[in-house]
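Single-structure report; data block below.
Now the structure itself:
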């Protein structure tokens, strides 16, 4: 990909991504989804593949078991994650659809990003390296997502290859806002 397209054509790419962005799901209940196989695991949550029954749209469902959230700070962190994700809409940040609360679990329903992590992508590459043009394109997208967050006083605090997913078109999506926080700007 030519450098001018990776950088200069970014506004065109953002406009196309916005136009192609699916409408938010209307659910409101865990029964509105088919919860499938596990696709990820963290210290406090499991991520499963899901399907919205009404639209057949693929989703990722992050499931927090409430018994793992006994610590008040951990519960506050989950509430913060939901609040921050609700505020963001950017082509390089995973789309948040809804949060569902049940007696035993909290479900965060998000866009499914099927291309795998940047970590997995690099492991498959010869010498675990990217050519310069691809590296620039990926790095530019990561920077665009981070800039968007920082403009909203949101700090991710856990940017790593495993938290950068690629969709089927090679678009970078930043995921996992569990450690994210909102900061106050100096002078505000």
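In full-length UniProt numbering, the protein residues as written are 1 to 188. C-beta: ideal position from N, C-alpha, C; glycine also. For clarity, every value in this text was computed on a predicted model and none was experimentally measured.
When burial is assigned at 16 or more other CB atoms within 10 Å of the CB, is residue i buried or exposed?
| i | result |
| --- | --- |
| residue 176 | buried |
| residue 64 | buried |
| residue 56 | exposed |
| residue 90 | buried |
| residue 100 | buried |
| residue 45 | buried |
| residue 108 | buried |
| residue 183 | exposed |
Check this for me: beta carbons of residue i and residue j, under 8 Å apart or not?
| i | j | result |
| --- | --- | --- |
| residue 171 | residue 144 | no |
| residue 178 | residue 98 | no |
| residue 37 | residue 92 | no |
| residue 69 | residue 75 | yes |
| residue 197 | residue 152 | With the chain covering 1 to 188 only, the question about residue 197 has no answer from this structure. |
| residue 34 | residue 58 | no |
| residue 66 | residue 105 | yes |
| residue 49 | residue 112 | yes |
Please report the distance separating the alpha-carbon of residue i from that of residue j.
| i | j | result |
| --- | --- | --- |
| residue 114 | residue 166 | 7 Å |
| residue 120 | residue 28 | 33 Å |
| residue 60 | residue 86 | 16 Å |
| residue 118 | residue 150 | 22 Å |
| residue 139 | residue 122 | 13 Å |
| residue 157 | residue 32 | 32 Å |
| residue 164 | residue 94 | 10 Å |
| residue 125 | residue 103 | 44 Å |
| residue 19 | residue 129 | At residue 19, the pLDDT of 41 sits below 50, so the modelled position is not reliable and the matter cannot be decided from this model. |
| residue 30 | residue 51 | 11 Å |
| residue 161 | residue 116 | 10 Å |
| residue 71 | residue 77 | 10 Å |
| residue 169 | residue 133 | 16 Å |
Hey, residue i and residue j are a contact pair by Cβ (cut 8 Å); roughly how many whole angstroms apart?
| i | j | result |
| --- | --- | --- |
| residue 180 | residue 155 | 6 Å |
| residue 47 | residue 62 | 5 Å |
Unbroken stretches of the beta strand (DSSP E), 3 residues or longer, contained in the region 62-131: 96-101, 105-111
In chain order, which beta strand (DSSP E) runs of at least 3 residues are fully inside the region 147-179? 164-166, 172-174
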